[in-house]
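Going down the list, the sequences are from chains C and G. Going by this note's numbering, the first residue of the first sequence is number 808, and it counts up by one from there. Going by this note's numbering, the first residue of the second sequence is number 405, and it counts up by one from there. In this text, a Cβ means the ideal position worked out from N, Cα and C, and glycines have one as well. Okay, so here's the structure we're looking at.
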Amino acid sequence: MKVRINLYGTLSARIPGYRQSQGIEIELPEGATVNDLLALLEISESQKAVVAIDGRIRKTSDKIPCGAYAQVLQPIHGG
Amino acid sequence: MKFIRVNMSKKNVAVEDVPQEYIGLGGRGLTSIMVNAEVAPKCDPLGPDNKLILAPGLLSGTPLVNTSRISIGAKSPLTGTIKESNAGGTVGADLGHLGITAIVIEGQAPDGELSFLRIDRNAEASLVPAQAYRGMRTYQLVKEIFEIYGESNSVLCIGPAGEYQLASASIQTSDIDGRPCRAAGRGGLGAVMGAKGLKAVIVEQGGESADALADPEAFKEANRTIVKIVKEHPMAGQVMPALGTAGLVAPVNSMGAFPSYNARKGVLEGWEKISGEAMAKLIEERGGNTTHMGCAQCIVHCSNEFVDKDGKYVTSSLEYETIWAAGGMTGIVDLDTIARIDYLCDDIGVDTMNTGVAIAVAMDSGYKEFGDKEAAVEMIEEIAKGSEFGKILGNGPAAVGKHFNNDRVPVVKGQSIAAYDPRAMLGNGVTFATSPMGADHTAGNVVGEYLEQKLDPLNAEGQVEASRNLQIATAAADCTGLCFMAYVALGSPEGGAALLKAINAKFGIQLGPDDVPALGLRVLKAEREFNKKAGFTNQDDRLPRFFYEEPLPPHNTVFTIGDEGLDSTFDF
Numbered sequence: 808m809k810v811r812i813n814l815y816g817t818l819s820a821r822i823p824g825y826r827q828s829q830g831i832e833i834e835l836p837e838g839a840t841v842n843d844l845l846a847l848l849e850i851s852e853s854q855k856a857v858v859a860i861d862g863r864i865r866k867t868s869d870k871i872p873c874g875a876y877a878q879v880l881q882p883i884h885g886g
Numbered sequence: 405m406k407f408i409r410v411n412m413s414k415k416n417v418a419v420e421d422v423p424q425e426y427i428g429l430g431g432r433g434l435t436s437i438m439v440n441a442e443v444a445p446k447c448d449p450l451g452p453d454n455k456l457i458l459a460p461g462l463l464s465g466t467p468l469v470n471t472s473r474i475s476i477g478a479k480s481p482l483t484g485t486i487k488e489s490n491a492g493g494t495v496g497a498d499l500g501h502l503g504i505t506a507i508v509i510e511g512q513a514p515d516g517e518l519s520f521l522r523i524d525r526n527a528e529a530s531l532v533p534a535q536a537y538r539g540m541r542t543y544q545l546v547k548e549i550f551e552i553y554g555e556s557n558s559v560l561c562i563g564p565a566g567e568y569q570l571a572s573a574s575i576q577t578s579d580i581d582g583r584p585c586r587a588a589g590r591g592g593l594g595a596v597m598g599a600k601g602l603k604a605v606i607v608e609q610g611g612e613s614a615d616a617l618a619d620p621e622a623f624k625e626a627n628r629t630i631v632k633i634v635k636e637h638p639m640a641g642q643v644m645p646a647l648g649t650a651g652l653v654a655p656v657n658s659m660g661a662f663p664s665y666n667a668r669k670g671v672l673e674g675w676e677k678i679s680g681e682a683m684a685k686l687i688e689e690r691g692g693n694t695t696h697m698g699c700a701q702c703i704v705h706c707s708n709e710f711v712d713k714d715g716k717y718v719t720s721s722l723e724y725e726t727i728w729a730a731g732g733m734t735g736i737v738d739l740d741t742i743a744r745i746d747y748l749c750d751d752i753g754v755d756t757m758n759t760g761v762a763i764a765v766a767m768d769s770g771y772k773e774f775g776d777k778e779a780a781v782e783m784i785e786e787i788a789k790g791s792e793f794g795k796i797l798g799n800g801p802a803a804v805g806k807h808f809n810n811d812r813v814p815v816v817k818g819q820s821i822a823a824y825d826p827r828a829m830l831g832n833g834v835t836f837a838t839s840p841m842g843a844d845h846t847a848g849n850v851v852g853e854y855l856e857q858k859l860d861p862l863n864a865e866g867q868v869e870a871s872r873n874l875q876i877a878t879a880a881a882d883c884t885g886l887c888f889m890a891y892v893a894l895g896s897p898e899g900g901a902a903l904l905k906a907i908n909a910k911f912g913i914q915l916g917p918d919d920v921p922a923l924g925l926r927v928l929k930a931e932r933e934f935n936k937k938a939g940f941t942n943q944d945d946r947l948p949r950f951f952y953e954e955p956l957p958p959h960n961t962v963f964t965i966g967d968e969g970l971d972s973t974f975d976f
């Protein structure tokens, strides 16, 4: 299945030519989880990235719905 | 360890040893405990009985990184409560270098009289007539101060809004580059300073009379550990230098909790245009600085220098809360306008948050359309002119709501909420409702708990406890002089131990891990006690009605923490 993604914080630096206005589209197997998505993007656990889909931060074990739009974010504790 | 007490009525300056009851206190702990002990709770905040207390943190003036915060305390003319607002820049560290634990401004100058308080590198303090600077904006003021006293000075000052004694007036501090762009913005403390007749505090840099470290070697070791932890922390070491706090625009919109159009929606249309990522890209393209050292001894560099299309300086630093107030709440999705608003607020000396929200309430009342860039800038200029409308705007969102007969005003105890809608981040609503400071994100921000998935922002369970714990931790943090970014990085057991080691090595004491929350509790208790004596009750610890009644898109939820829950926040 195809998943459209935007990366925020310092995460986009890992993808050459990344443009925020377009994001990227990746292919994941049906039933793939948030963890699978982060692994595919080679985002390590130490970076503490999280994924929001439909306005909610998802658990790493959550399955990604087909055709989802995912926002990959880094925690910030305040402004 | 000394106090400088300045009596503005008698025009005298006295230096005294720190009284026994205040020894071991710094920053917010000192300002709040002192205000509670020395200020009559029902006094006029703009009268001679209020006191304005400037206190660097416990570690300010030491070699420890990121310790240049200064706390400013008084009874607030905006909220009527006790108030502490802290700022970065350089003045906190400079006062520490002089061994000054606090400056206490008392009394009140005769109407129309204005002074500077000058402190030289020998810690000699004196009042200097400053009539010639009446009405001067802060950037021009600092420029003229440097022409007289030289650039090796730190300045803490007010603009025209402080002189007008407006309830949103800020106290500005100079940054590393000598620009008055750091602010103790909240609570109208600039009005208290204006009412005292004090235009600026000018502190010569390079002082060498800091309090001695009890154990310099242990302190050095603690500093080394803290530097390593801060540098390696994902937020403090990576995201902050890249985007600063503006990096929050994306996460909070993605969670549907970015109060937009005067808190009518939780996602701003076009937020991507004012995100931290967009800001960094624009600054870089124009040749500005996406990362910048704003405060003394900083190793995080979360600051930035926003420039216009010709590469000319506009403001520093464009921050998340300002982007929200001037952009999200007003529907202005244009970074140039937001940066202009930020500059004007610093220059006139008003809180960017209270002012942005006041503009949003005016727009929501039909005075101007949401998204009207020119109107927003013109409204702020009205504050500097001292026009009737400018005074209403400068007194904050509640004053604007009253003027337009609009009760849809997102404030608690008169102070605007911050950039986290209570209906989509329930714990932040608990903090806004119950903080002794009025709505205040710096008093216990729960957003990190949501982003780290420790708590569900829409589920009432655990929100009160999270807010309580963060309010206690923040009250303790605000005593140290450490900035928030470094303090968050030190949240691990290793980081906490290093911070304790630094405090113990400075004072020659043996605090343990339990003493940190105990300090936070002591501060909160003093603040709550002051508010109670001033006439505040649990009924004041509530959000405006519309947060309970009006669902917020996209989650279409309301604030669901009941009164009993709110009243249990401070069950100590």
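- Proximity of chain G to residue 882(C) at the Cβ level (cut-off 8 angstroms) is accounted for by 638, 639, 655, 852, 855 and 856, in chain order.
- The Cβ atoms of residue 692(G) and residue 709(G) lie closer than 8 angstroms to each other.
- Within the stretch 836-866 of chain C, those residues whose Cβ lies closer than 8 angstroms to any Cβ of chain G are, in chain order, 853, 854, 855, 857, 859, 862, 863, 864 and 866.
- Contact with chain G is absent for residue 829(C), since none of that chain's Cβ atoms lies less than 8 angstroms from the residue's Cβ.
- Look at residue 934(G) here: in three-state DSSP terms it is helix.
- Among the residues of chain C, those whose CB is under 8 angstroms from the CB of residue 845(G) are 885 and 886, following chain order.
- Scanning its chain for C-beta atoms nearer than 7 angstroms, with the 5 sequence neighbours on each side dropped, one finds around residue 900(G) the residues 894 and 917, in chain order.
- In terms of Cβ geometry, residue 912(G) and residue 619(G) form a close pair [threshold 8 angstroms].
- Shown here, residue 821(G) sits in coil according to DSSP, grouped into three states, outside any helix or strand.
- With fewer than 16 other Cβ atoms inside 10 Å of its own Cβ, residue 873(C) counts as exposed.
- Under the Cβ criterion of 8 angstroms, residue 493(G) is not counted among the residues facing chain C.
- According to DSSP, residue pairing for residue 857(C) in a beta bridge involves 880(C).
- Shortest Cα-Cα distance from residue 541(G) to any of 915(G), 953(G), 904(G) and 785(G) involves 785(G).
- Taking a contact to require three or more Cβ pairs closer than 8 angstroms, the stretch 646-666 of chain G and the stretch 939-948 of chain G do not qualify as touching.
- For the stretch 614-646 of chain G, the set of positions with a beta-carbon nearer than 7 angstroms to some beta-carbon of chain C reads 638, 639, 642, 643 and 646 in chain order.
- For residue 849(G), the neighbours in chain C by C-beta distance under 9 angstroms run, in chain order, 884, 885 and 886.
- Fewer than three Cβ pairs drawn from the stretch 516-528 of chain G and the stretch 476-492 of chain G lie within less than 8 angstroms of each other, which leaves the two stretches out of contact.
- Residue 749(G) carries a helical assignment under DSSP once its states are collapsed to helix, strand and coil.
- With contacts defined by Cβ atoms closer than 8 angstroms, residue 780(G) and residue 796(G) do not form a contacting pair.
- By the Cβ criterion, the stretch 714-732 of chain G is in contact with the stretch 749-765 of chain G, since at least three pairs of Cβ atoms, one from each stretch, lie closer than 8 angstroms.
- Here residue 696(G) carries a strand assignment [DSSP, helix/strand/coil].
- Under the Cβ criterion of 8 angstroms, residue 816(C) is counted among the residues facing chain G.
- At a cut-off of 8 angstroms between beta carbons, residue 958(G) contacts chain C.
- Taken atom to atom, the span from the alpha-carbon of residue 432(G) to that of residue 833(C) is near 49 angstroms.
- The beta carbons of residue 721(G) and residue 585(G) sit closer together than 8 angstroms.
- In the DSSP assignment, the residues bridged to residue 522(G) are 530(G) and 606(G).
- For residue 659(G), the nearest CB of chain C lies under 8 angstroms from its own CB, placing it at the interface with that chain.
- In its chain, beyond the 5 residues on either side, 450, 595, 598 and 599 have a beta carbon closer than 6 angstroms to the beta carbon of residue 569(G).
- Between the stretch 832-849 of chain C and the stretch 417-437 of chain G there are fewer than three C-beta pairs closer than 8 angstroms, too few to call the two in contact.
- Distances from the CA of residue 442(G) to each of 580(G), 931(G), 889(G) and 742(G) were compared; the closest alpha carbon is that of 931(G).
- For residue 600(G), the enclosing alpha helix (DSSP H) starts and ends at 593-600.
- Taking the CA atoms as reference points, residue 701(G) sits about 12 angstroms from residue 627(G).
- When CB distances to chain C are screened at a threshold of 7 angstroms, the residues of the stretch 705-726 of chain G falling below it are 723, 724 and 725, in chain order.
- Chain C places no beta carbon closer than 8 angstroms to that of residue 518(G), leaving this residue out of the contacts.
- Separation of the CB atoms of residue 906(G) and residue 630(G) is rounded to 7 angstroms, and the pair is thereby assigned contact status at 8 angstroms.
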